[in-house]
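With UniProt numbering applied, the sequence shown corresponds to residues 1 to 117, in that order.
Glycine included, every Cβ here is placed at the ideal spot set by N, Cα and C.
This structure is a prediction, so every number in the text was calculated from the model and none was measured.
Let me begin by presenting the structure, written as structure tokens, before commenting on it.
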Amino acid sequence: MFNFDAELWGILNGLKIIQRRGHVHVTIQTDSLEVVKSILGSSSTESNSALIRRICNILSQENHWILRYIPREYNQVGDCLAKQASMEKTNLQVFDVPPKITSSFIDRDRHTDSFYA
Numbered sequence: 001m002f003n004f005d006a007e008l009w010g011i012l013n014g015l016k017i018i019q020r021r022g023h024v025h026v027t028i029q030t031d032s033l034e035v036v037k038s039i040l041g042s043s044s045t046e047s048n049s050a051l052i053r054r055i056c057n058i059l060s061q062e063n064h065w066i067l068r069y070i071p072r073e074y075n076q077v078g079d080c081l082a083k084q085a086s087m088e089k090t091n092l093q094v095f096d097v098p099p100k101i102t103s104s105f106i107d108r109d110r111h112t113d114s115f116y117a
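What follows is the structure, given as structure tokens:
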């Protein structure tokens, strides 16, 4: 699977989980500028990609959800979790409490724009 498609699937699966949990104010961050441009530059009816159409459809239903690009160096927690998941070959995981492996990165990310969207 290409990185672009993997990012789209990750965003779509995350959106579905967030929607089921009933969260209202959400910021979705990705380090893929191409993905953000593709999603924000499309609508739920005009995109050739079924994945992008599904993502746009969910985002259009939610008033206070934001999708934004964030450089990898400003989102070390996300990068750490992505690397961990690829090494362990795990399926989608939802954490209610941050894993210990991310604790050092949380403090670093807290001092960047990634925490203040």
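| task | Measure the C-alpha to C-alpha separation of Gln93 and Glu7 and round it to an integer number of angstroms. | result | Taking the sequence shown and counting its residues from 1, one reaches residue 93 at position 93. Taking the sequence shown and counting its residues from 1, one reaches residue 7 at position 7. If you take the alpha carbons of Gln93 and Glu7, they lie about 15 Å apart.
| Is DSSP giving Val97 helix, strand or coil here? | Numbered from 1 along the sequence shown, position 97 holds the residue referred to as residue 97. Residue state, collapsed to three classes: coil.
| message | My output table needs one value for residue 122: the three-state DSSP class, helix, strand or coil. | response | No statement about residue 122 is possible, as the shown extent of the chain runs from 1 to 117 and does not include it.
| said: Does the structure place the region 65 to 74 close enough to the region 23 to 31 that three or more beta carbon pairs sit under 8 Å? | reply: yes
| Secondary structure at Ala117, three-state DSSP: helix, strand or coil? | For the purposes of this step, residue 117 is identified with residue 117 of the sequence shown, where counting begins at 1. At Ala117 the pLDDT is 46, less than 50, meaning the model places this residue with poor confidence; the figure from the coordinates comes in the next sentence. The answer is coil: DSSP assigns Ala117 none of H, G, I, E or B.
| task | Assign Val77 to one of three DSSP states: helix, strand, or coil. | result | Taking the sequence shown and counting its residues from 1, one reaches residue 77 at position 77. The answer is helix: DSSP assigns Val77 an H, G or I state.
| said: For a test of the three-state rule: what should DSSP assign to Leu67, helix, strand or coil? | reply: Within the sequence shown, the letter at position 67 stands for residue 67. Correct three-state label for Leu67: strand.
| CA nearest to the CA of Ser103, picked from Met87, Leu81, Glu88 and Leu51 | The residue you call residue 103 lines up with position 103 of the sequence shown. Closest by alpha carbon: Leu81.
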